[in-house]
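Quick note on the working numbering: the sequence shown kicks off at 226 and runs consecutively.
All C-beta atoms in this analysis are idealised placements derived from N, C-alpha and C, irrespective of residue type, glycine included.
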Amino acid sequence: MISMRRTVSVLGALALFALAGCVGAATEGANIAKDKVVVSNNIAAAQTGNAEAQYKVGKAMCCSLDEGGQGFYNTPQSVAWLCKAASQNHGPAAFKLGEIYSGDVVSGVRVLRRVAQKVAGSSTEPAVAYAWLRRAEALGVADARKPAAALWAGLTPDDRTEATALVTGTKPLPCEWSKVTGQS
226 MISMRRTVSV LGALALFALA GCVGAATEGA NIAKDKVVVS NNIAAAQTGN AEAQYKVGKA
286 MCCSLDEGGQ GFYNTPQSVA WLCKAASQNH GPAAFKLGEI YSGDVVSGVR VLRRVAQKVA
346 GSSTEPAVAY AWLRRAEALG VADARKPAAA LWAGLTPDDR TEATALVTGT KPLPCEWSKV
406 TGQS
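Encoded structure:
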C-alpha cells in the first residue's frame, strides 16, 4: 500500500516536472526572440565585413538540432558567419567553431534544446574541433584551453595526427559546414 506521504511526494515531483516544461518552453521562446533581435541589430554590419557583428550573428543563429536549414536556428548559416569572423582572427568565433565541431551546439539556458540535442545527437569532427579550439587559444581565448585538453585526451591516434596537421598548418583548417561534415 502506498502511503499518503509517498503519494504527495510523487504528485509534487510530477507537478514540478510539468512546471519545468512550461518554464522551458517560455524560456526557449524568449531565447528565440532575443536571438532574432541580435541578428536584426547586427546583420548590416556583418554583411559589410565587421568581424564582431559576424560573430554575434553566427552565435545567435546557432544551431539547429537537425543540423539543417529549417527555421531560425541554422547550423550551416551559423557556421558560415562564424567562419567569416574567424578568418579575421576573431578568437571567440574560433572558440564557437570548436564547440560546434565538438558537438556542443546548444549553449546557455536552453533547457528544451539541450534535452533534444542529447536525444538527437550532433555531428562531431574532433580533430577539426581541437584545431579550432587551439586557434581560439592562440587568439587569446583562455577558456579554450580546458576543452581543447579534454578533447585531445579523447582523440584516437589517427585523429591526433590529423589535429596536429591542422594546428601546425601542414593541412588547411576547414571551416565551412559542408566541407567539414560533408552535409549541406
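- CB of A318 within 8 Å of CB of Y355, strictly: no
- According to the neighbour-count rule (16 or more other Cβ atoms, all chains shown, within 10 Å of its Cβ), is F297 buried or exposed? exposed
- Task: Give the DSSP-derived three-state secondary structure of G323 in the structure shown.
- Result: The answer is helix: DSSP assigns G323 an H, G or I state.
- According to the Cβ coordinates, are T273 and C288 closer than 8 Å? In this structure, T273 lies away from C288, with their beta-carbon atoms at least 8 Å apart.
- Message: With the cut-off set at 8 Å, would you say A373 and L391 are in Cβ contact?
- Response: Not in contact: A373 and L391 (Cβ atoms no closer than 8 Å).
- Between the Cα of K396 and those of W402, R385 and G379, spot the shortest distance and give me the residue it belongs to. R385
- How would you label D383, buried or exposed, when you count the other beta carbons within 10 angstroms and need 16 or more for buried? exposed
- Query: What is the rounded straight-line gap between the Cα of E362 and the Cα of V264?
  - Reply: 26 Å
- Thinking C-alpha only, which one of N256, N314 and P399 is nearest M286? N256
- Helix, strand or coil at T389 according to DSSP, with G and I counted as helix: Of the three classes helix, strand and coil, the one that applies to T389 here is helix, per DSSP.
- Query: If you drop the 5 nearest sequence neighbours on each side, which residues of the same chain put their C-beta closer than 7 Å to that of I268?
  - Reply: Close CB contacts of I268 within its chain, under the 7 Å cut and outside five residues either way in sequence, are with V282 (chain order).
- Query: Quick one, which of Y326, E387 and T381 has its alpha-carbon nearest Q408's?
  - Reply: Y326
- Message: Here's the rule: buried if 16 or more other CB atoms are within 10 angstroms of the residue's CB, otherwise exposed. What is N266?
- Response: exposed
- Query: Around the C-beta of K371, are 16 or more other C-beta atoms found within 10 angstroms, so that it is buried, or is it exposed?
  - Reply: exposed
- Compare the beta carbon distance of E401 and A270 with 8 Å and say whether it is the shorter of the two. Not closer than 8 Å, so no.
- Are the CB atoms of P399 and V353 nearer to each other than 8 Å? yes
- Which one of L380, G323, T393 and A276 has the shortest CA to CA distance from K309? A276
- Message: Using 8 Å as the threshold, is the C-beta distance between A369 and G323 below it?
- Response: In this structure, A369 places its C-beta atom within 8 Å of the C-beta atom of G323.
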